[in-house]
Amino acid sequence: MTEADKNALLKSFGLHVVIAMLLLISVTLSSSPIMPVVSNTAAPVVIKATFIDAQAIADAQRAQAQAEAQARAEEQRKQKAAEDKRRREAAARKARQEKAAKEAAEAKRQSELRRLAEEKARERKEREEAEKAEKARKEKEAAERAEMERIMQEQLAKEQEAMQQQRRQHVLSEKERYQALIHQTIKRYLNADFKGKSCRLNIRLATTGLVTKVSVLDGDPALCRAAQSAVLRPDRLPVSDDPAVYEELKNINLKVEL
């Protein structure tokens, strides 16, 4: 029971006590023996007292009704105030809960955004490191491949140079050999009278060994004439089938001496 209910009950109880007292007084007055009155003025006094008692009862009833109405109004006001307070508190509580929920949702969203950003940054860093490592690997492989190619090229060049040198030596050796054969062939057609003398000739040969031209460069005139005739006497002079050796023999200067 609320404090308002207690106050209203006390007021109602007090009002009932007052009404009971008034009724007791009224009954007491009504039951008292009426003394005979000779004078005609006594009757109005009794009527007045009875009227006053009824009026007091009515006033008390009205006062009680007003008090009860006021108590009910006050109780309704307090109930309405309490209900309004409960509604305000509920609304405030709901607002706080909604605010807390929104803040929690926003915090969660921000946390998720940070996580995604960190994940993307990590993936980007890993991708960049992987690309950098791949680039370095390719550069290293390219450098190693280039170095191997350079070494191979150098080795090949050395081998080719060695082969060319060997080939050149072979050609020169063959040239000297065929020059010696040509010189021997010419000497077969010369007599011993030209011993101690020399002559330089320019001989031009076809691929078959056929002499296409012979010219005297310098030397003993008699030997040079005899040497010219000796060059032309055989059908052909010794010549190599090797094109490189032939290139060295097709136009040679030969010294003829006994």
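All the letters of the sequence shown, read from the start, carry residue numbers 1 to 258 under the UniProt record's numbering.
Glycine is no exception: its CB is placed at the ideal position from the N, C-alpha and C atoms.
- In the three-state reduction of the DSSP assignment, L217 falls in the strand class.
- Its chain contains no residue whose beta carbon lies nearer than 6 Å to that of K138 once the 5 sequence neighbours on both sides are disregarded.
- A244 and D193 have their alpha carbons spaced roughly 37 Å apart.
- The criterion of a C-beta distance shorter than 8 Å is satisfied by D220 and K197.
- Residue pairing by DSSP places K158 in no beta bridge whatsoever.
- Look at the beta carbons and you see the region 201-219 touching the region 230-241: at least three pairs across the two are nearer than 8 Å.
- It is roughly 42 Å from the alpha-carbon of R122 to the alpha-carbon of I151.
- Excluding sequence positions up to five before and after I252, its CB lies within less than 7 Å of the CB of Q179 and I203, all in the same chain and listed in chain order.
- For the pair L156 and E174, the Cα-to-Cα distance works out to about 26 Å.
- DSSP lists K213 and N251 as the bridge partner or partners of R204.
- Check the Cα spacing between C224 and each of K108, D59 and L190: the tightest is with L190.
- Burial of S240 is indicated by the presence of at least 16 other C-beta atoms within 10 angstroms of its C-beta.
- The beta carbon of V171 is closer than 7 Å to those of A244, V245 and E248 in its chain, skipping five residues each way along the sequence.
- P238 places its beta carbon less than 8 Å from that of I182.
- V211 places its beta carbon 8 Å or farther from that of L217.
- Burial state of L113 is exposed, judged by a 10 Å Cβ sphere holding fewer than 16 other Cβ atoms.
- Between R236 and T208 a beta carbon distance of about 6 Å is seen, short of the 8 Å cut, so the two are scored as contacting.
- In this structure, DSSP gives V239 a state outside helix and strand, which the three-state scheme calls coil.
- Within the region 110-155, no alpha helix (DSSP H) run of at least 4 residues lies entirely inside it.
- Only buried fits L254, as 16 or more other CB atoms lie within 10 angstroms of its CB.
- Rounded to whole angstroms, E144 and E134 show a C-alpha spacing of 15 Å.
- Counting the other Cβ atoms within 10 Å of the Cβ of A142 gives fewer than 16, which makes it exposed.
- K195 and L258 do touch by the CB rule: their CB atoms are close to 5 Å apart, below 8 Å.
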